[in-house]
Amino acid sequence: MLSDIEIAQNTQMKPVIEIAELLGILPDELELYGKYKAKLAQSLYSRMEGKPDGHLVLVTAVNPTPAGEGKTTTTVGLGQAMQKIGKKAVIALREPSLGPVFGMKGGAAGGGYAQVLPMEDINLHFTGDMHAVTAANNLLCALLDNHIHQGNTLGIDPRSIFVKRCVDMNDRSLRNILIGLGGKINGVPREDGFMITVASEVMAILCLASDIQDLKERLSRIIVARTFDGRIVTAKELKAEGAMAALLKDAINPNLVQTLEGTPALMHGGPFANIAHGCNSVRATKIALKLADYCITEAGFGSDLGAEKFFNIKCRYAELKPSAAVLVATVRALKYNGGASCAKSEISNEDIEALKSGIENLGAHIDNIRQFGVPVIVAINRFYTDTDAELRFIEEYCKEKKADFALSEVFAKGGDGGVHLARKLVSICEKSSSFVNLYDMSASIKNKIETVAKKVYGAGSVVYTNKAQKALREAVELGGDKMPVCIAKTQYSLSDDPKLLGRPENFEITVKDIKVAAGAGFNIVFTGDIMTMPGLPKIPSAEKIEIDESGKISGLF
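Start counting the sequence shown at 1; every next residue gets the next number (the numbering used here).
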């Protein structure tokens with residue numbers, strides 16, 4: 001089989017104007033970025049305002065192996081399959097971050113014959129949204145340090161600064177740094193650090209903002225520091241929100257592209273799910289619901305991370321009501337959760353015993369989604385190494401759980417490999433969903449954390465470090481008790497310990513810190529050892545990427 005990039009480069013794309021026509025989008029409602037990419041103009045939102053919404057479908061997954069389980073591939077293939085059976089569907093995805101692209105996981109535009117195009121552009125600079133977020137975030141940091149340097153009339157304590165600079169790259173050396181060195185003209189020396197762009201609050205704000213005015217208001221609420229007497233300082237006091245919003249004026253508009261089979265796709269925003277809320281933008285999802293009968297979107301990693309935050313944060317703020325959820329499961333992920341090595345040479349071997357040990361991880365995720373009142377269908381994402389016996393075992397388990405399921409072969413067959421899944425999904429969407437949030441906004445922060453930890457993760461108790469206890473009191477003072485929680489946790493386990501696989505029960509979750517993201521509108525709750533600036537692996541994907549004299553890129557996957 002050809003590599004992902006070879007498949008993409010051998011596909012004849014349609015002009016994006018033709019893709020827009022499929023959705024009834026007028027030429028004047030597009031801002032073109034070349035022939036195959038475009039942003040959707042605000043005028044489209046105004047014209048579609050009174051149109052009824054289509055069905056919202058979330059694609060989520062079991063706890064993954066380090067290589068991922070094909071959630072984006074399934075989302076793309078399902079969108080193509082919906083088109084095959086005559087349904088009008090739009091895919092709504094996050095944009096890839098350069099960190100994973102050049103790190104371990106590779107690109108995030110799908111794979112095989114279920115990809116979004118132009119694959120190289122999407123995985124690299126795309127339309128510049130990531131750079132705009134980076135610039136807006138770093139402008140705020142520059143204004144803050146300049147204020148301190150120019151006399152510090154607000155009395156900002158350099159030891160109590162909360163915002164960090166960011167860059168869209170995995171670079172562990174930037175986690176903790178010193179700035180302002182080299183004498184008086186170079187600013188005030190202090191400790192600082194970088195986070196990856198997709199972990200920044202500015203990215204979360206971009207993805208939750210409804211329009212430019214809402215964007216400005218959210219940016220103005222970002223908590224940047226404390227003064228020497230303990231008072232909170234916001235971006236508004238630095239007069240930063242106007243210039244930050246100006247940098248984001250194009251980035252706030254969703255990007256229209258296409259799949260290998262010409263299905264429309266909106267790619268916009270990209271917060272990580274283990275250290276942020278893991279969903280594409282509200283603006284992209286809401287316009288997709290107006291443009292098609294089915295909007296198929298995804299949330300990062302497993303249902304314990306992306307789906308929980310999609311339901312409790314994004315759907316709450318955007319007033320969205322999901323019709324169904326597709327739960328991606330793979331033989332290899334369930335074997336990994338059963339104790340099998342994730343080494344390719346070992347996890348590819350038939351291992352029914354490991355599958356038996358790990359299958360309860362699938363059960364946990366089925367139960368998680370059902371708690372929200374959303375119908376669920378299991379998409380068994382087939383890999384060529386899967387044996388018939390292993391696939392049958394998963395199917396029998398789904399029957400025991402009374403869960404709908406379908407084999408997905410979209411990686412190898414494109415839309416044709418997802419037709420059975422698509423037909424079952426349509427049938428499920430025609431039934432009524434009784435979507436509910438898992439906790440009430442009036443509950444305390446502790447209660448919200450415990451609800452997620454016990455009901456979603458399966459924890460027995462939640463403990464707080466001294467630092468977290470202090471942060472909790474400060475969060476309540478800052479109004480955090482009126483916001484949802486966004487728990488930063490490992491993606492590899494239902495617990496906060498990446499080595500605790502399968503379906504652990506009655507374990508202890510440790511909260512290490514809490515940060516109020518006042519602009520985004522949620523409390524970031526840190527558990528385990530979560531890095532907001534990832535590092536590169538021993539052999540980064542970047543080592544395989546090349547470009548020839550004609551400008552043709554190879555090695556992306």
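Beta carbons: idealized from backbone N, C-alpha and C, even for Gly.
- The C-beta distance from Ser200 to Cys166 rounds to 5 Å, short enough to fall under 8 Å.
- Apart from the 5 residues on each side of it in sequence, Ala276 sits with its Cβ closer than 6 Å to the Cβ of Ala199, Ala204 in its chain, given in chain order.
- Bounds of any beta strand (DSSP E) do not take in Tyr397; it lies within the alpha helix (DSSP H) bounded by 388 to 400.
- Annotation: the continuous beta strand (DSSP E) that includes Ser160 extends over 156 to 161.
- When DSSP assignments are scanned along the segment 289 to 338, the uninterrupted stretches of beta strand (DSSP E) that are 3 or more residues long and fall wholly within it turn out to be 294 to 298, 324 to 329.
- For Thr134, the enclosing alpha helix (DSSP H) stretches over residues 129 to 149.
- Per DSSP, the unbroken alpha helix (DSSP H) holding Thr74 starts and ends at 71 to 84.
- Excluding its 5 nearest sequence neighbours in each direction, Ser43 has C-beta neighbours in its own chain below 6 Å: Glu29, listed in chain order.
- Straight across, the Cα-Cα distance linking His147 with Thr153 is about 8 Å.
- The closest CA to that of Leu144, considering only Thr134, Gly302, Phe162, Ser427, is found on Phe162.
- Annotation: the segment 157 to 216 contains the following complete segments of the beta strand (DSSP E) (minimum length 3 residues), in chain order: 165 to 167, 177 to 179, 190 to 192, 194 to 196.
- Secondary structure at Ser554: strand, using DSSP grouped into helix, strand and coil.
- Contact between Ala318 and Lys356 fails: their C-beta atoms lie close to 40 Å from each other, not under 8 Å.
- Secondary structure note for Lys515: its beta strand (DSSP E) is the uninterrupted segment 508 to 517.
- Bounds of the alpha helix (DSSP H) holding His420 are 419 to 429.
- Cβ contact annotation for Ile377 (same chain, cutoff 8 Å, sequence separation greater than five): Ala324, Ala325, Val326, Leu327, Ala403, Asp404, Phe405, Ala406, Leu421, Lys424, Leu425, Ile428, in chain order.
- Distance from the CA atom of Asn186 to the CA atom of Ile222, rounded to whole angstroms, is 25 Å.
- Restricting attention to Thr60, Ile85, Gln83, the CA atom closest to the CA of Thr73 is found in Thr60.
- CA-CA distance, Gln83 to Pro52, rounds to 20 Å.
- Short of 6 Å from the beta carbon of Pro322, and not among the five residues preceding or following it, lie these beta carbons of its own chain, in chain order: Leu56, Leu58, Val374, Phe435.
- In the structure shown, Met244 adopts helical secondary structure according to DSSP, grouped into three states.
- Setting aside the 5 residues that flank it on each side, Val456 is surrounded in the same chain by Asp304, Glu308, Asn368, each with a C-beta closer than 6 Å to its C-beta; the list follows chain order.
- A straight-line Cα-Cα distance of about 29 Å links Ile156 and Ile487.
- Following the DSSP letters along the chain, one finds Thr451 in no beta strand (DSSP E) but inside the alpha helix (DSSP H) bounded by residues 445 to 452.
- Going by DSSP, Asn255 is part of the beta strand (DSSP E) stretching over 255 to 259.
- Leu291 and Ile252 have their C-alpha atoms roughly 18 Å apart.
- Counting along the chain, Phe102 sits inside the alpha helix (DSSP H) bounded by residues 98 to 102.
- Contact between Ile509 and Leu472 fails: their C-beta atoms lie close to 14 Å from each other, not under 8 Å.
- With respect to Gly269, Leu206 sits close: the two C-beta atoms are nearer than 8 Å.
- Around the C-beta of Ser442, fewer than 16 other C-beta atoms lie within 10 Å, and the residue is accordingly described as exposed.
- Annotated as proximal: Gly418 and Gly77, with beta-carbon spacing under 8 Å.
- Counting the other Cβ atoms within 10 Å of the Cβ of Leu556 gives 16 or more, which makes it buried.
- Nearest C-alpha to Glu543 among Ile179, Glu69, Val90, Met104: Met104.
- DSSP, reduced to helix, strand and coil, places Ala235 within a helical segment of the structure shown.
- Of Pro254, Ile313, Ala132, Gly79, the smallest CA-CA separation from Tyr294 is found for Gly79.
- In terms of Cα proximity to Leu178, the closest of Asp168, Lys164, Asn170 is Lys164.
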